Amino acid sequence: MHRDPLLSTATNPFWHFGRIWVVVAVVVPFPKWDKVFSLPVLVRLYRSERLNKKLGRPHRKKTEMADGMIQLVHESFPKRAFLMVGDNAYMNRSIIRPLPERIDFVGRGRMDAALYDLPPTKRKRRGRRRVKGRKISSPKWRAAHCRWRSIKAKIYGRPSVVQVQVFDALWYIVGRERLLRFVMVRDWPGHKKDDVLVSTDLKMNAQEIIEAFCCRWSLEETFGWVKGSLGFEDPQNRKEKAVERTAPMALWTYSLVVYWVAGWVRKRRLTPFRSAPWNKKKRNPTFADMLATLRRESWTLWISDQAQRKRLDQKHLEPLLDVAANG
Numbered sequence: 000m001h002r003d004p005l006l007s008t009a010t011n012p013f014w015h016f017g018r019i020w021v022v023v024a025v026v027v028p029f030p031k032w033d034k035v036f037s038l039p040v041l042v043r044l045y046r047s048e049r050l051n052k053k054l055g056r057p058h059r060k061k062t063e064m065a066d067g068m069i070q071l072v073h074e075s076f077p078k079r080a081f082l083m084v085g086d087n088a089y090m091n092r093s094i095i096r097p098l099p100e101r102i103d104f105v106g107r108g109r110m111d112a113a114l115y116d117l118p119p120t121k122r123k124r125r126g127r128r129r130v131k132g133r134k135i136s137s138p139k140w141r142a143a144h145c146r147w148r149s150i151k152a153k154i155y156g157r158p159s160v161v162q163v164q165v166f167d168a169l170w171y172i173v174g175r176e177r178l179l180r181f182v183m184v185r186d187w188p189g190h191k192k193d194d195v196l197v198s199t200d201l202k203m204n205a206q207e208i209i210e211a212f213c214c215r216w217s218l219e220e221t222f223g224w225v226k227g228s229l230g231f232e233d234p235q236n237r238k239e240k241a242v243e244r245t246a247p248m249a250l251w252t253y254s255l256v257v258y259w260v261a262g263w264v265r266k267r268r269l270t271p272f273r274s275a276p277w278n279k280k281k282r283n284p285t286f287a288d289m290l291a292t293l294r295r296e297s298w299t300l301w302i303s304d305q306a307q308r309k310r311l312d313q314k315h316l317e318p319l320l321d322v323a324a325n326g
């Protein structure tokens, strides 16, 4: 659901409604281009509680669907360690409590979180064992009264200096007795308010947690390219199975295109891409350039096969291939 800025007024907002997809993607860095891509691998369609009741199906929250996909990743690769990254909607007990071994999670927390110390090691003579210690200050209180320190981190691909506070605590309502690492951030580029990130991996420092969380934005870029270049939002399906198949195919096509280009560029020193006169400083290809490269190579191969060993004038074919690749 999003607010349409063209049809909305100050008093009467106009909303567009669409389908919600819960997506697990693999973050793949391209050091040569200093860029990160998120390649979707698992996709689930979320249905509202009212719609599930109408269809006679049990309702599953988005976080429950995400947890099911995390468990599937663990079952497929039980000996491999993973670091999952998500926004504040997924930093809750549905995700953190059932996290399997070898899988950690980094996400955005709450400034008003109720935090506690570890329970005392000395046990009382009577009663059950304590599961949490004394209540400690919330991130909001720490932001106003505790000292900050400066660190350097790469935020969304740009070197930045931010103020941080790092501490470990129990967020009992989310992780029960699991100790979590909190990183409070001030002077985040583009943010006026203080923020707090949470990690289940206590070995990560503040810089690693901040840079890991920034990788999540690459999934937003994936959605943008899939909508603009692969027709993610164009199909008008009526059948339920068509809805469940069409959108995931667009997401997986994005992953296949990036995967193909990653192998194709290994044999080349320079990556050809189309430069525009209004963007002369462009140095690295975008997904549109990757898609155009794949189309161009496919058309070149098809035309060469159809030539049946006859001579081809490459100069005459260049304009045709350029139009076929870039549209």
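In terms of numbering that gives the first Met the number 0, the sequence shown is numbered consecutively and its last residue is 326. Glycine is no exception: its CB is placed at the ideal position from the N, C-alpha and C atoms. Because the structure is a prediction, the values reported are computed rather than measured.
Where residue i falls: helix, strand or coil (DSSP)
i      : result
Phe166 : strand
Pro28  : strand
Val130 : coil
Lys192 : coil
Met64  : helix
Pro247 : helix
Lys53  : helix
His73  : helix
Tyr115 : strand
Phe13  : coil
Lys266 : helix
Phe286 : helix
Closest residue to residue i among the options (Cα-Cα distance)
i      : options                           : result
Asp66  : Gly108, Leu38 and Ile95           : Ile95
Asp200 : Arg177, Thr221 and Ser228         : Arg177
Ile19  : Leu50, Val25, Arg268 and Arg125   : Leu50
Gly189 : Val161, Pro57, Val173 and Trp14   : Val161
Asp167 : His73, Tyr253, Gly227 and Asn204  : Asn204
Leu179 : Met90, Phe286, Phe16 and Ala211   : Met90
Ser159 : Val165, Val184, Arg175 and Ala142 : Val184
Gly108 : Ile208, Pro4 and Pro234           : Ile208
DSSP bridge partner residues for residue i (one or two, in chain order)
i      : result
Val42  : Val22
Ile102 : Phe81
Tyr258 : Paired residue(s): none; Tyr258 is not in a bridge.
Val161 : Ile150
Met183 : Gln164 and Val195
Contact set for residue i: own chain, Cβ-Cβ below 7 Å, skip 5 residues either direction
i      : result
Asp111 : Ser137 and Lys139
Ile150 : Val161, Val163, Ala205 and Gln206
Ile172 : Arg92 and Ala113
Cβ separation of residue i and residue j, assumed to be a contact under 8 Å, to the nearest whole Å
i      : j      : result
Ser93  : Lys60  : 7 Å
Ala24  : Leu290 : Not quite, the Cβ-Cβ distance comes to about 18 Å (not below 8 Å), so this is no contact.
Val225 : Tyr253 : 5 Å
Val26  : Cys145 : About 32 Å separates the two Cβ atoms, so there is no contact after all.
Leu44  : Glu243 : 6 Å
Chain-order list of residues whose beta-carbon lies under 8 Å from that of residue i (same chain, five-residue window excluded)
i      : result
Lys34  : Pro28, Gly156 and Asn283
Lys78  : Arg101
Glu63  : Ser93
Ile154 : Val161, Trp187, Pro188, Ile209, Glu210 and Cys213
Own chain residues within Cβ distance below 6 Å of residue i, not counting five before or after
i     : result
Trp32 : Asn283
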